[in-house]
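Chains as they are written, first to last, in this note's numbering: chain E, 687 to 749; chain Y, 15 to 259.
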Amino acid sequence: MSLLTRAIAAVWEFVVGDDWLIALGVAAAIGVTAALAALELPAWWLMPVGAAGLLWLSLRRAK
Amino acid sequence: MSGSEVGLAVSVFLACAVEAVEALTIVLAVGLQRSWRSAMWGTGAAIACLALLVAILGPSVSALPIGGLRVVVGGLLLIFGLGWLRKAILRAAGRKALHDETSIYAREAEQARAATATRRRAGLDGYALTVAFKGVLLEGLEVVFIVITFGANQRHVGVGAAAAGLAVVLVVAAGALTRAPLARVPENTLKFCVGVLLCAFGVFWSTEGVGGHWPGGDAALLVIVPGLALAALAMVAGLRPGEPA
Numbered sequence: 687m688s689l690l691t692r693a694i695a696a697v698w699e700f701v702v703g704d705d706w707l708i709a710l711g712v713a714a715a716i717g718v719t720a721a722l723a724a725l726e727l728p729a730w731w732l733m734p735v736g737a738a739g740l741l742w743l744s745l746r747r748a749k
Numbered sequence: 015m016s017g018s019e020v021g022l023a024v025s026v027f028l029a030c031a032v033e034a035v036e037a038l039t040i041v042l043a044v045g046l047q048r049s050w051r052s053a054m055w056g057t058g059a060a061i062a063c064l065a066l067l068v069a070i071l072g073p074s075v076s077a078l079p080i081g082g083l084r085v086v087v088g089g090l091l092l093i094f095g096l097g098w099l100r101k102a103i104l105r106a107a108g109r110k111a112l113h114d115e116t117s118i119y120a121r122e123a124e125q126a127r128a129a130t131a132t133r134r135r136a137g138l139d140g141y142a143l144t145v146a147f148k149g150v151l152l153e154g155l156e157v158v159f160i161v162i163t164f165g166a167n168q169r170h171v172g173v174g175a176a177a178a179g180l181a182v183v184l185v186v187a188a189g190a191l192t193r194a195p196l197a198r199v200p201e202n203t204l205k206f207c208v209g210v211l212l213c214a215f216g217v218f219w220s221t222e223g224v225g226g227h228w229p230g231g232d233a234a235l236l237v238i239v240p241g242l243a244l245a246a247l248a249m250v251a252g253l254r255p256g257e258p259a
């Protein structure tokens with residue numbers, strides 16, 4: 687494995703960790719929140735609900 | 015000191031205490047089995063590297079525009095926080111083995127004893143120096159990330175660094191007094207608290223960063239933190255063996 691590949695793998699492991707679904711879900715939740723905010727709709731509720739939902743989904747996948 | 019600064023200091027202190035306890039176990043094992051002097055050199059070199067990272071990256075990250083910074087930092091803190099919380103919940107629910115400092119210490123000590131004698135340079139044992147350096151550096155990287163991102167977002171990297179330094183001093187003092195791994199520290203409870211705090215600040219900042227507004231402004235954190243904690247506790251209860259998820 688080249689140095690670059692190992693560096694990318696280390697960064698991926700450091701940032702993404704045990705479950706890639708969490709990283710993907712957080713990115714998607716931020717995107718939807720941004721869209722709601724841009725449309726001047728209430729957006730504050732989405733991230734807390736999304737975080738709790740993602741955590742539950744990730745825990746179920748870990749079983 | 016504002017509520018956010020207190021949150022920053024508490025989060026960094028707890029996160030650093032957890033990581034310092036884990037690093038201490040490794041340093042104690044190689045220090046007691048191989049060479050104290052070498053283990054201390056390895057530890058000192060790793061702490062110097064981590065401090066250098068904070069000194070270089072802290073001001074650079076602080077110089078970024080606050081809006082974009084909050085989205086990136088909030089998102090990353092949330093990913094990290096959910097990771098910490100996930101592990102803590104699985105352990106609290108009995109779905110994953112608890113982090114046992116005593117058994118980790120025994121394993122590290124056995125490996126240190128079994129390792130062949132390394133060539134000494136300047137009276138230092140290469141094995142002890144390298145293992146202590148790697149252990150402290152790897153455990154500390156996550157704390158450095160939290161100090162930089164949290165601190166930069168609130169323009170208070172110094173507060174985060176001071177909180178991290180205090181945690182290290184207290185853990186090292188406790189380790190020096192006991193000369194044994196700190197097995198009684200409720201690591202999983204601390205991890206659970208850190209996970210909740212990281213998630214709460216991640217949720218708060220990422221929403222603000224993309225232009226969302228919180229009802230009540232900063233006071234919303236007083237609802238987000240206990241709300242997430244209660245949700246996480248409910249998940250622990252839901253995952254306990256014998257109870258349907």
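No residue lacks a Cβ here, since even glycine has one placed at the ideal position from N, Cα and C. Bear in mind that the values here come from a model prediction, so they are computed numbers and not experimental data.
(request) Might you give, ordered along the chain, the residues of its own chain that have their beta carbon closer than 7 Å to the beta carbon of Y:ILE103, omitting 5 neighbours on each side? (result) ALA246, MET249, VAL250, LEU253
(request) Can you have a look at E:LEU694 and say buried or exposed, based on whether 16 or more other CB atoms are within 10 angstroms of its CB? (result) Checking the displayed sequence, the identity of residue 694 of chain E turns out to be Ile instead of Leu. By the 10 Å Cβ count, E:ILE694 comes out exposed.
(request) List the residues of chain Y that E:VAL712 touches, going by C-beta distances under 7 Å, in chain order. (result) GLY89, LEU92, ILE93
(request) Using a Cβ-Cβ cut-off of 7 Å, state whether Y:TYR18 counts as contacting chain E. (result) Here residue 18 of chain Y turns out to be Ser, not Tyr, going by the sequence shown. Not an interface residue.
(message) Looking at Y:GLY72: is its Cβ nearer than 7 Å to the Cβ of Y:ILE162?
(response) yes
(request) Can you give me the Cβ contacts of Y:ALA23 inside the same chain, cut-off strictly under 6 Å, excluding the 5 residues immediately before and after it? (result) VAL173, ALA177
(request) Identify whether Y:SER18 lies in helix, strand or coil by the three-state DSSP scheme. (result) helix
(request) With DSSP collapsed to three states, give me the class of E:TRP731. (result) Judged by DSSP in its simplified three-state form, E:TRP731 adopts coil rather than helix or strand.
(request) At 9 Å on the CB atoms, spell out the chain E contacts of Y:LEU242, in chain order. (result) PRO734, ALA737, ALA738, LEU741
(request) Indicate whether at least one CB of chain E lies closer than 7 Å to the CB of Y:VAL228. (result) In the sequence as displayed, the identity of residue 228 of chain Y is Trp instead of Val. Yes, its Cβ sits closer than 7 Å to a Cβ of chain E.
(message) At the level of alpha carbons, what is the spacing between Y:GLY95 and E:SER744?
(response) Straight-line Cα distance between these residues: approximately 13 Å.
(request) Compare the beta carbon distance of Y:ALA129 and Y:ALA53 with 7 Å and say whether it is the shorter of the two. (result) no
(message) Cutting at 6 Å between CB atoms, please list the residues of its own chain near Y:ALA146, excluding the five before and the five after it.
(response) VAL41, VAL44, ALA53, GLY56, THR57.
(message) Suppose only complete runs of 4+ residues qualify. What are the alpha helix (DSSP H) ranges in the stretch 91–176 of chain Y, listed by chain order?
(response) Within the stretch 91–176 of chain Y, the complete alpha helix (DSSP H) runs of at least 4 residues are 115–128, 140–167.
(message) Just to confirm before moving on: does the CB-CB distance between Y:VAL32 and Y:GLU201 stay below 7 Å?
(response) Their beta carbons are under 7 Å apart, which means Y:VAL32 touches Y:GLU201 by this criterion.
(request) Would you verify that the beta carbon of E:LEU745 is, or is not, closer than 7 Å to some beta carbon of chain Y? (result) yes
(message) Under 7 Å, Cβ to Cβ, is there at least one residue of chain E near Y:GLY225?
(response) yes
(message) When you compare the CB of E:ALA748 with every CB in chain Y, is at least one pair closer than 7 Å?
(response) Taking CB atoms only, E:ALA748 has a neighbour in chain Y less than 7 Å away.
(request) Kindly indicate if chain Y contains any beta-carbon less than 7 Å away from that of E:TRP730. (result) So, interface residue.
(request) Indicate whether E:ALA729 and E:LEU722 have their beta-carbon atoms separated by less than 7 Å. (result) Yes. Within cutoff.
(request) Could you name the residues of the stretch 201–213 of chain Y whose beta carbon sits closer than 8 Å to any beta carbon of chain E, in the order they occur along the chain? (result) CYS213
(message) Between which residues of its own chain and Y:ALA259 is the CB-CB distance below 8 Å, once the five residues before and five after are set aside?
(response) Its pLDDT being 47, under 50, Y:ALA259 is placed unreliably in this model, and the coordinates cannot settle the point.
(request) Decide if the stretch 119–127 of chain Y is in contact with the stretch 223–237 of chain Y; the criterion is three or more beta carbon pairs, one per stretch, under 8 Å apart. (result) no
(request) Give the residues of chain Y in contact with E:VAL644, contact being defined as C-beta atoms less than 8 Å apart. (result) Here chain E covers residues 687 to 749 and nothing more, so residue 644 of chain E does not appear.
(message) Considering only the alpha carbon of each residue, which of Y:PRO255, Y:ARG48, Y:SER25 lies closest to Y:GLY137?
(response) Of Y:PRO255, Y:ARG48, Y:SER25, the residue nearest in Cα terms is Y:ARG48.
(request) Give me the Cα-Cα distance between E:PRO734 and E:ALA720, rounded to the nearest whole angstrom. (result) 14 Å
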